[in-house]
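Residue numbers (the working numbering), protein chains in the order written: chain A, 1 to 305; chain B, 1001 to 1308; chain C, 2001 to 2348.
In this text, a Cβ means the ideal position worked out from N, Cα and C, and glycines have one as well.
Since the structure comes first, as structure tokens, the remarks are kept for the end.
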Amino acid sequence: MIRFLIHRATIAVLVALTVSIIGFSLLRLSGDLASALAGDSAKPEQIAATAHLYGLDRPLYEQYLDWAGKALQGDLGTSLFTNEPVARLIGERLGVTVQLSLMSLVFALAISIPLGVLAATRPNSWIDRSALGLSVFGQAIPNFWFGLILIIVFGVTLRWLPISGSDTFAHFILPTITLGVAVMPAFMRLTRTGMLDALESDYVRMARAKGLSTLSVLFKHALRNAILPVVSLTAVSLGFLLGGSVIVESVFALNGIGFLAFQSIIRTDFPVVQSIVVFVAILYIVLTLVADLINAYLDPRIRLG
Amino acid sequence: MASIEQELRHPTAAVGVALELEAPSPRAVMRRRAMTHVGFLTGGAIVLGIILVAIFAPLLTSYDPFAQDLTKRLIPPVWSAKGSWAHILGTDGLGRDYLTRLMYGARISLMVGLGAATMAGLIGTTLGLIGGYFGGKIDAVVMYIVNVKLALPGVLVALSLISVFGGSVVVVVTVLGLLFWDRFVVVTRSVTQQVRTNEYVIAAEAVGASRTRILVGEILPNVMNHIIVIASLEMAVAILVEAALSFLGLGIRPPTPSWGLMISEGRNFMFFQPYLVAIPGVAIFLLVIAINMLGDGIRDITAPEGRN
Amino acid sequence: MTVDRSSPGAETPVLEVEGLTVELDVPAGRLHAVRDVSLHVGRGETLCIVGESGCGKSMTALGVMGLLPRRARMHARRLMLEGRDLLSIGAGARAALLGDHMAMIFQDPMTSLNPVYTVGNQLEEIYLRHGKGGRREARERAVHLLQKVGITAADRRLGQYPHQLSGGLRQRVMIAMALMCDPVLIIADEPTTALDVTIQAQILRLLADLQAEENTALILITHDLGVVARVADRVIVMYAGEVVETGTAQQIFASPLHPYTQGLLDCIPIPGRTERGSRLGAIPGMVPSLVGKIEGCQFRNRCSYAFDACAKDAVPLRSLGPDRGLRCLLQQAPIRIERARHPAGVVE
Chain A
1 MIRFLIHRAT IAVLVALTVS IIGFSLLRLS GDLASALAGD SAKPEQIAAT
51 AHLYGLDRPL YEQYLDWAGK ALQGDLGTSL FTNEPVARLI GERLGVTVQL
101 SLMSLVFALA ISIPLGVLAA TRPNSWIDRS ALGLSVFGQA IPNFWFGLIL
151 IIVFGVTLRW LPISGSDTFA HFILPTITLG VAVMPAFMRL TRTGMLDALE
201 SDYVRMARAK GLSTLSVLFK HALRNAILPV VSLTAVSLGF LLGGSVIVES
251 VFALNGIGFL AFQSIIRTDF PVVQSIVVFV AILYIVLTLV ADLINAYLDP
301 RIRLG
Chain B
1001 MASIEQELRH PTAAVGVALE LEAPSPRAVM RRRAMTHVGF LTGGAIVLGI
1051 ILVAIFAPLL TSYDPFAQDL TKRLIPPVWS AKGSWAHILG TDGLGRDYLT
1101 RLMYGARISL MVGLGAATMA GLIGTTLGLI GGYFGGKIDA VVMYIVNVKL
1151 ALPGVLVALS LISVFGGSVV VVVTVLGLLF WDRFVVVTRS VTQQVRTNEY
1201 VIAAEAVGAS RTRILVGEIL PNVMNHIIVI ASLEMAVAIL VEAALSFLGL
1251 GIRPPTPSWG LMISEGRNFM FFQPYLVAIP GVAIFLLVIA INMLGDGIRD
1301 ITAPEGRN
Chain C
2001 MTVDRSSPGA ETPVLEVEGL TVELDVPAGR LHAVRDVSLH VGRGETLCIV
2051 GESGCGKSMT ALGVMGLLPR RARMHARRLM LEGRDLLSIG AGARAALLGD
2101 HMAMIFQDPM TSLNPVYTVG NQLEEIYLRH GKGGRREARE RAVHLLQKVG
2151 ITAADRRLGQ YPHQLSGGLR QRVMIAMALM CDPVLIIADE PTTALDVTIQ
2201 AQILRLLADL QAEENTALIL ITHDLGVVAR VADRVIVMYA GEVVETGTAQ
2251 QIFASPLHPY TQGLLDCIPI PGRTERGSRL GAIPGMVPSL VGKIEGCQFR
2301 NRCSYAFDAC AKDAVPLRSL GPDRGLRCLL QQAPIRIERA RHPAGVVE
């Protein structure tokens, strides 16, 4: 198991390195970041001055190494727009994104797992069809639009919940539902398929042959096996949510890092954008590694070799 | 027990020597399944309908999707009190007929969806074939590339690229095509690895057929079914993401009638004219569900062992 | 096949099955997997159910235990365990009997053991579930049984996972599991098929010893006549979902009456019976489809003695004496014909 981890960790570092290079280069791909910053009506001298000011006239690899070196020490540069350290900007907003992501995951799991288990125990029943229907719905609905509809119904017409900002817990409810519905289908199908397979398996038949109670058969034996891929998916989804919450944060005006990234892209605030992209990517890589670890731990066949 | 399973697939006649029943050709079997599969037929019909509407839009409506008429702003749809049959789905904030914009918007969604799925399919299938067939170090490189792509936050990357290169349909299709090829790689690679050990592939290699010939001639046909199914799913995802990007303002540029853009434009009037937001959303939802049903149907028809 | 209660010393059989039928609905129609099977087994007795793959012997066992897959439907005229009517009790009462009064050993110990729990956990849970005692007693019983089935270092084994044990050890664990609550009936479905030949003999001997000790009733399902020869008291031969011949082991081996049984015996070398230098037989043809309407004898297309009547009506199971039955229209024992036409091997 140690060898397995070292192997995965090495690859992770390599991937992280590559990702950081790509993230760094994203906004520079047009070839002329300085012009974009200086503005449309800027004269060549102004553009050159801008380029020199931000170090954009140096060779690309030099800029990268300079940035990477500082980043590893915690210095992610300064925002062009607000002049604050990028690290501080991210730090202030990270909490909101993490909270939204975690709440959405919990929401999605709380619906998918019971529903998936129930659907698997009664295949082709109305519960099964509803579960699958819900899954189809969650996958097909444009989540930004769903968020808007929720705002119209619950925020405006019924006036039950707040619709923008991130001050109180209540402010997170509609965003959580919006994001949760988008994430839920994969978990629901995974749980259902895993349970269906488990329930047909020989070891579940053995458990029944021992006279074990239905609860014991379902949860102790079947679910324990079916849940392995779901746990992995949870860790991976968390990584994905941290990077993909841009849309929901924008719809509900939540001040998270997704929204910050979006604003920075529009403002060509490249220090912020590259830091967030790389930061989120590395978070994802770490979480995938954690998912592998958990998976290896939960399955004695891998854990003990 | 084994033979009961065999019975389920090939019931044999009893008299004298066991007869080989004349099995229907795979094509005929698929056609029969296709004609009775509800999801496939429904999804297919809806998609076909939308495609036809998109193609024949100019014939179906006399309005110009770009023509503004500020005297006719925000007319509600025909089912509302102030609506009229002149504008069945009403008009938007700039007086443009909404039904017309919806129809032309279908073109955008379909083009982006098909284009992105095709591009992603080409990239992903090629990578998957190479990795699955050659194995070893080459495969390790392919997996490394996939891991790099997976780690990058797709939406943020897409937004960045579009902000740099602009919001034309070509750019959007390219950017999305570069974002969605990972599922193609994973499936193609695994199928290739399985097929690779089949006898006819080994036979072709022994005869000395060129690698390309083997990849394209022997392995690709086996992978095709899976690719089509995944392509349909990725097309649906591409449509959703394009809508989201356009909604944020970093997708298709106005005044082109992207459905996502229409929702964004309607957001300003959302509280009093919710139909501006509701109608394009329902269109997206309908198209995506139909594509998903079609894709699931194709999978059921060509390889029903794949589902539960 | 009814039980002859009049013979002296006959006690109530542990298991009585009459008219067991199992059907599944498949795309092609209705599959009759088990058709009107009756059997019984008493204390300390070993009943072997023999037949080739797909003849319905496993389904019969699953039907008796109540473990059929969801889509299967079972009927029986009579299903009694120790005089208790299994047909009229509910699922809860049935579950209370499983693992306690009647236990099953499955064919493949690798897939029948849950990979994520230790061997000890899977043993003890049976004991605890049926309220036989507390944690400590369960553990002691588990250790005791593991030793009994011949597993050394039982303490250590308890903490191990199934994938860490060899095939033979896993099957011994399965046997220990069956014994946890001291059942009166054990059904073993091909317990040695997945094992090496050398281990097979050990496992069979183990089963025989344990049975003798506790006077358990044992139903052993197999396709291997060698196994039958070694352990059976009585034998039921099944073909295409129904019983075609029953008898004591001696009767079946010495004078097989059904052409299928004869065919089976011809396929294997039996010391003392098969002549040196003779060719082993093979039964040509395949098992017929059991889907839809079934008419006449199902063996007729592979039978050298078949005649017109065999195709028409259902052939009844005739009783030829206590525990001796035959489902065949032949009036006398078939003569052994030289099987030179269909050699399967030569006996050295």
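Proximity test, residue 1239 of chain B beta-carbon vs the ligand NAD heavy atom, cut-off 7 Å: Although the ligand NAD was asked about, the structure shown includes no ligands whatsoever.
Proximity below 8 Å, CB of residue 2164 of chain C to CB of residue 304 of chain A: To locate residue 2164 of chain C, count along the third sequence from 1; it is residue 164. To locate residue 304 of chain A, count along the first sequence from 1; it is residue 304. Yes; because the gap between Cβ atoms is below 8 Å, this pair is in contact.
Interface partners of residue 2116 of chain C on chain A, CB under 8 Å: For this step, residue 2116 of chain C is matched to residue 116 along the third sequence. Under the 8 Å cutoff, chain A gives 224, 225, 298, 299 and 300.
Residue 273 of chain A beta carbon less than 8 Å from that of residue 261 of chain A: Residue numbering aside, residue 261 of chain A sits at position 261 when the first sequence is read from its first letter. Residue numbering aside, residue 273 of chain A sits at position 273 when the first sequence is read from its first letter. A contact, by the Cβ cut-off of 8 Å.
The region 103-121 of chain A / the region 150-168 of chain A touching (three or more Cβ pairs under 8 Å): The region 103-121 of chain A is not in contact with the region 150-168 of chain A.
Under 7 Å by beta carbon: chain A residues contacting residue 2126 of chain C: By 1-based counting over the third sequence, the position of residue 2126 of chain C is 126. Within 7 Å Cβ-Cβ: 210.
Helix, strand or coil at residue 177 of chain A according to DSSP, with G and I counted as helix: On the first sequence, position 177 is the one that residue 177 of chain A refers to. In this structure, residue 177 of chain A counts as helix in the three-state DSSP scheme.
Within 8 Å, strictly: CB atoms of residue 1148 of chain B and residue 1185 of chain B: Numbered from its first residue, the second sequence carries residue 1148 of chain B at position 148. Numbered from its first residue, the second sequence carries residue 1185 of chain B at position 185. Taking 8 Å as the Cβ cut-off, residue 1148 of chain B and residue 1185 of chain B do not qualify as a contacting pair.
Per-residue burial, residue 1296 of chain B [other beta carbons within 10 Å of its own, 16 or more giving buried]: Numbered from its first residue, the second sequence carries residue 1296 of chain B at position 296. Of the other Cβ atoms in all chains shown, 16 or more fall within 10 Å of the Cβ of residue 1296 of chain B; this residue is therefore buried.
Where residue 77 of chain A falls: helix, strand or coil (DSSP): Within the first sequence, the letter at position 77 stands for residue 77 of chain A. Three-state result, residue 77 of chain A: coil.
Buried versus exposed call for residue 1194 of chain B [16 or more other C-beta atoms within 10 Å across all chains shown]: Here the question's residue 1194 of chain B lines up with position 194 in the second sequence. Classification of residue 1194 of chain B: exposed, given that the 10 Å Cβ count is below 16.
Environment of residue 269 of chain A [buried if 16+ CB atoms lie within 10 Å]: The residue given as residue 269 of chain A occupies position 269 in the first sequence. Result: buried.
Three-way DSSP call (helix, strand, coil) for residue 15 of chain A in this model: Taking the first residue of the first sequence as 1, we reach residue 15 of chain A at position 15. Note: residue 15 of chain A maps to helix in three-state DSSP.
Within chain A, partners of residue 2161 of chain C - CB distance below 8 Å: For this step, residue 2161 of chain C is matched to residue 161 along the third sequence. The contacting residues are 300, 301 and 304.
Residue 134 of chain A vs residue 154 of chain A beta-carbon contact at 8 Å: Locating residue 134 of chain A in the first sequence gives position 134, counting from the first residue. Locating residue 154 of chain A in the first sequence gives position 154, counting from the first residue. Result no, Cβ atoms of residue 134 of chain A and residue 154 of chain A do not sit closer than 8 Å.
Delimiting residues of the beta strand (DSSP E) encompassing residue 2075 of chain C: In the third sequence, counting from the first residue as 1, residue 2075 of chain C sits at position 75. Unbroken beta strand (DSSP E) run through residue 2075 of chain C: 2072-2075.
Buried/exposed call for residue 2246 of chain C, threshold 16 Cβ in 10 Å: Numbered from 1 along the third sequence, position 246 holds the residue referred to as residue 2246 of chain C. The residue is buried, with at least 16 neighbouring Cβ atoms inside 10 Å.
Sub-8 Å separation of residue 192 of chain A and residue 2115 of chain C beta-carbons: Position 192 of the first sequence, counted from the first residue, corresponds to residue 192 of chain A. Position 115 of the third sequence, counted from the first residue, corresponds to residue 2115 of chain C. Between residue 192 of chain A and residue 2115 of chain C, the C-beta spacing is not below 8 Å.
Any C-beta of chain C under 8 Å from that of residue 202 of chain A: If you number the first sequence from 1, residue 202 of chain A lands on position 202. At least one beta carbon of chain C lies nearer than 8 Å to the beta carbon of residue 202 of chain A.
C-beta neighbour in chain A for residue 2100 of chain C, strict 8 Å: In the third sequence, counting from the first residue as 1, residue 2100 of chain C sits at position 100. Output row for residue 2100 of chain C: interface = yes.
Where residue 2303 of chain C sits in the DSSP three-state scheme: Here residue 2303 of chain C refers to the residue found at position 303 when the third sequence is read from its first residue. The answer is coil: DSSP assigns residue 2303 of chain C none of H, G, I, E or B.
Three-pair Cβ contact test at 8 Å for the region 90-110 of chain A versus the region 1249-1261 of chain B: Not touching, per the Cβ criterion.
CB contact check: residue 129 of chain A to chain C, cutoff 8 Å: In the first sequence, counting from the first residue as 1, residue 129 of chain A sits at position 129. Output row for residue 129 of chain A: interface = no.
Per-residue contacts from residue 2096 of chain C into chain A (C-beta, under 7 Å): Here residue 2096 of chain C corresponds to residue number 96 of the third sequence, with the count starting at 1. Neighbours of residue 2096 of chain C in chain A, taken as residues at a C-beta separation under 7 Å, are given in chain order as 211.
Spatially closest choice to residue 2027 of chain C from C:2015, C:2071, C:2320 and C:2052, by CA coordinates: In the third sequence, counting from the first residue as 1, residue 2027 of chain C sits at position 27. Checked all of C:2015, C:2071, C:2320 and C:2052; the closest Cα to residue 2027 of chain C is C:2071.
Any C-beta of chain A under 8 Å from that of residue 2104 of chain C: For the purposes of this step, residue 2104 of chain C is taken as residue 104 along the third sequence, with counting starting at 1. Chain A contact via Cβ: present.
Beta-carbon neighbours of residue 2088 of chain C, restricted to chain A and to distances below 9 Å: Reading the third sequence from its first residue, position 88 is the one you call residue 2088 of chain C. Within 9 Å of the CB of residue 2088 of chain C, no CB atom of chain A is found; the nearest one sits about 18 Å away.
Contact set between residue 263 of chain A and chain B, taken where Cβ atoms lie within less than 8 Å: As a working mapping, residue 263 of chain A is identified with position 263 in the first sequence. Ordered by position in chain B, no residue passes the 8 Å Cβ test against residue 263 of chain A, which lies about 11 Å from the chain.
According to DSSP, residues forming a beta bridge with residue 2235 of chain C: Here residue 2235 of chain C is taken as the residue at index 235 of the third sequence, counted from 1. The partner list for residue 2235 of chain C (beta bridge, DSSP) reads C:2048 and C:2247.
DSSP-derived helix/strand/coil call for residue 2151 of chain C: Translated into the one-based positions of the third sequence, residue 2151 of chain C becomes position 151. Reduced to three states, the DSSP call for residue 2151 of chain C is coil.
Residue from C:2138, C:2213 and C:2255 with nearest C-alpha to residue 2177 of chain C: In the third sequence, residue 2177 of chain C corresponds to position 177, counting from 1. When the alpha-carbon of residue 2177 of chain C is set against those of C:2138, C:2213 and C:2255, the nearest one is in C:2138.
7 Å Cβ cut-off: residues of chain C touching residue 171 of chain A: For the purposes of this step, residue 171 of chain A is identified with residue 171 of the first sequence, where counting begins at 1. Going along chain C, no residue has its Cβ under 7 Å from residue 171 of chain A, so there is no contact; the nearest lies around 41 Å.
Three-way DSSP call (helix, strand, coil) for residue 121 of chain A in this model: The residue labelled residue 121 of chain A in the question sits at position 121 within the first sequence. In the structure shown, residue 121 of chain A sits in a helix (DSSP, three-state: H, G or I).
Whole-number beta carbon distance between residue 131 of chain A and residue 196 of chain A, since they are thought to touch under 8 Å: Position 196 of the first sequence holds residue 196 of chain A. Position 131 of the first sequence holds residue 131 of chain A. About 12 Å; that fails the 8 Å criterion.
Environment of residue 93 of chain A [buried if 16+ CB atoms lie within 10 Å]: In the first sequence, counting from the first residue as 1, residue 93 of chain A sits at position 93. Under this definition residue 93 of chain A is a buried residue.
Cβ distance (whole Å) where residue 1284 of chain B is taken to contact residue 1243 of chain B below 8 Å: Working through the second sequence from its first residue, we reach residue 1284 of chain B at position 284. Working through the second sequence from its first residue, we reach residue 1243 of chain B at position 243. That belief holds up - the Cβ atoms of residue 1284 of chain B and residue 1243 of chain B are roughly 5 Å apart, short of 8 Å.
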